[in-house]
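Student: Residue 120 in the numbering used here sits at position 72 of the sequence shown, and the numbers go up by one each step.
Where a beta carbon is used, it is the ideal one built from N, C-alpha and C, also for glycine.
Starting off with a structure, shown below.
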Amino acid sequence: MSDLLRAPAEIKYAEELDWLESIDDNPKPFSWRLSPKMVRLFILGSERADGLDREIPQKWFGDRSFVERSIVTLASDRGLLLIGDPGTGKSWLAELLSTAICRNSTLVVQGTAGTTEDHIKYSWNVSMVIAKGQSRESMIPSPIMTAMETGAIGRFEELTRSTSDVQDALISILSEKYISVPELDSDNIVFAKPGFSVIATANSRDRGVNDLSSALKRRFNFVRIPVMNDKKSEAEIVRFRTGELLRRHHIDLDVPPTLLDVLLQSFADLRASASAAASDDEKLESALSTAEQIGVLEDAILHSNFFQEGSLSARTLASSLVGSLARREPEDLAILNKYLHGVVEPRSKDEGGSWPEFLEGGRDAIATLS
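What follows is the structure, encoded as structure tokens:
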């Protein structure tokens, strides 16, 4: 695993999954590797009441009802659609569910304006077709077709980014559970094996790009993932992801709790400001998601490790925040400048601590970008 830039969850947690599978005596749907109870435990972590001989860490942070509804959906014959704002952990939850159920989270189609039916059905190896003609051997199955043939979970990222033709093709797959290959005279239908399902994700901000048809909506159970508003849970997510970063880069750097509080409070302030804004021009282009918060902290940690002798400061954190969130010039810079002067400056005078240095670092970063 050390020679992979980012190992998929089934490789990263292979030993843990093997152990859970060895002690799992609960009933399993279809060809699932873990039972629904163990899938939930793998994703949400173990508790003392579970009576296990080892602790299973929590990997996804959110309401357990979202995870349970997702598992129940996948145990039926309906697809699962995870929908929410960018950065709410939809893709990570989809990866963990696929990993726990079939030990393969890599059967993924990325939805874009350029995604075609071939990407969710099949294409052809042109050189083999020229040499031997069209046959099963010369056919290149899509990740979705591979999931059907193996009874696994196929994933479709950013479903609403794909065109209506692609979405319509997915309807027949979810309804009929087979793909017809009219180019072949025989063996021309690929049937789905028990256990096959599709987990799709969609950003709520993409509404109106390529809206889902009523027919496709009926083939999915919707699970809406809200933006994380609970500071304690959000802090746990940030610590979890930051810890992974430090271990991956072999960085020995302490993240002071006071600076984590500054980061959490800053995002909470900016979200409140965005909610109160009268127009989009008064909002940051950033979604201010937990994922973006993690990105700000990771940027600050790496900068501190490489250029500041391994010491994370409030100034560096502020510089990272401004650099990450200022995407439009001058709109975003004006919003951040207003936040620094209207919120951070009074707080630095009243509370002190890391806020004065954070204020100074933010001002310097804005001056550099202006």
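Consult DSSP for Trp172 and reduce its assignment to one of helix, strand or coil.
Tutor: strand
Student: Distance, Cα to Cα, Val310 vs Ser83?
Tutor: 41 Å
Student: Given a threshold of 16 other Cβ atoms within 10 Å of its Cβ, counted over all protein chains shown, does Thr147 qualify as buried or as exposed?
Tutor: buried
Student: Put Met276 into one of helix, strand or coil per three-state DSSP.
Tutor: coil
Student: Do the CB positions of Lys241 and Gly202 come within less than 8 Å of each other?
Tutor: No. Outside cutoff.
Student: Around the C-beta of Val174, are 16 or more other C-beta atoms found within 10 angstroms, so that it is buried, or is it exposed?
Tutor: The residue in question, Val174, is exposed, as its Cβ has fewer than 16 Cβ neighbours within 10 Å.
Student: Going residue by residue through the region 269 to 349, where are the continuous alpha helix (DSSP H) segments of at least 4 residues, counting only ones entirely within it?
Tutor: 279 to 296, 305 to 324
Student: Closest to Ile219 by C-alpha separation, out of Leu260, Leu53, Glu197, would be which residue?
Tutor: Nearest C-alpha to Ile219: Leu260.
Student: With C-beta atoms as the reference, is Thr160 less than 8 Å away from Ser212?
Tutor: no
Student: Should Tyr387 and Asp329 be called a contact, given that it needs their Cβ atoms to be closer than 8 Å?
Tutor: no
Student: Assess contact between the region 284 to 293 and the region 335 to 346, defined as three or more Cβ pairs (one per stretch) separated by less than 8 Å. Is contact present?
Tutor: yes
Student: For Ala248, does the three-state DSSP call read helix, strand or coil?
Tutor: strand
Student: When the Cα atoms are used, what is the spatial distance from Arg151 to Leu130?
Tutor: 20 Å
Student: So which of Leu68, Val157, Lys280 has the shortest CA-CA distance to Leu312?
Tutor: Lys280
Student: Using CA coordinates, which residue listed in Ala322, Ile71, Thr416, Arg296 is at the minimum distance from Pro378?
Tutor: Measuring from the Cα of Pro378, the nearest candidate turns out to be Thr416.
Student: Throw me the rounded Cβ distance for the Asp133 and Asn251 pair, which I believe falls under 8 Å.
Tutor: For Asp133 against Asn251, the beta-carbon gap comes to about 7 Å, under 8 Å, which counts as contact.
Student: Taking the beta strand (DSSP E) that Tyr61 falls in, what are its first and last residues?
Tutor: Tyr61 -> no beta strand (DSSP E), and no H or E assigned at all.
Student: Spatial neighbours of Gly256 within its chain, please: CB distance less than 8 Å, with the 5 preceding and 5 following residues excluded, ordered by chain position.
Tutor: Because Gly256 carries a pLDDT of 47, less than 50, the predicted location of this residue cannot be relied on, and the following value inherits that uncertainty. No residues qualify anywhere along the chain.
Student: Measuring only the C-alpha atoms, how far is Ser118 from Pro394?
Tutor: 45 Å
Student: Around the Cβ of Asp233, are there at least 16 other Cβ atoms within 10 angstroms (buried) or fewer (exposed)?
Tutor: exposed
Student: Would you kindly work out how many angstroms separate the C-alpha atoms of Leu100 and Ser94, rounded to a whole number?
Tutor: Rounded to the nearest angstrom, the two C-alpha atoms are 8 Å apart.
Student: How many angstroms separate the CA atom of Asp347 from the CA atom of Ser367?
Tutor: 10 Å
Student: Helix or strand or just coil, what does DSSP make of Pro189?
Tutor: Pro189 falls in the strand class under three-state DSSP.
Student: Would you please state the rounded distance, in angstroms, between the beta carbons of Thr290 and Ile349? I believe it to be under 8 Å.
Tutor: 7 Å
Student: Spatial neighbours of Trp403 within its chain, please: C-beta separation below 8 Å, excluding the five flanking residues on both sides.
Tutor: Val310, Ala362, Val392, Arg395, Ser396
Student: Taking just the CA atoms, how far does Met193 sit from His167?
Tutor: 9 Å
Student: Could you pull the start and end residues of the alpha helix (DSSP H) that Arg112 belongs to?
Tutor: That run of the alpha helix (DSSP H) goes 112 to 122.
Student: By the three-class DSSP mapping on this structure, what secondary structure does Ile237 have?
Tutor: Strand, per DSSP.
Student: Is DSSP giving Gln182 helix, strand or coil here?
Tutor: coil
Student: If you draw a straight line from the alpha carbon of Asp125 to that of Asn385, how long is it in whole angstroms?
Tutor: 51 Å
Student: Within a Cβ cutoff of 7 Å, which residues of the same chain sit near Thr448, ignoring the five residues on either side of it in sequence?
Tutor: For the chain, the structure presents residues 49 to 418; residue 448 sits outside this window and is missing.
Student: Using CA atoms only, rank isn't needed, just tell me which of Gly400, Pro191, Gly371, Ile299 is closest to Ile414.
Tutor: Gly371
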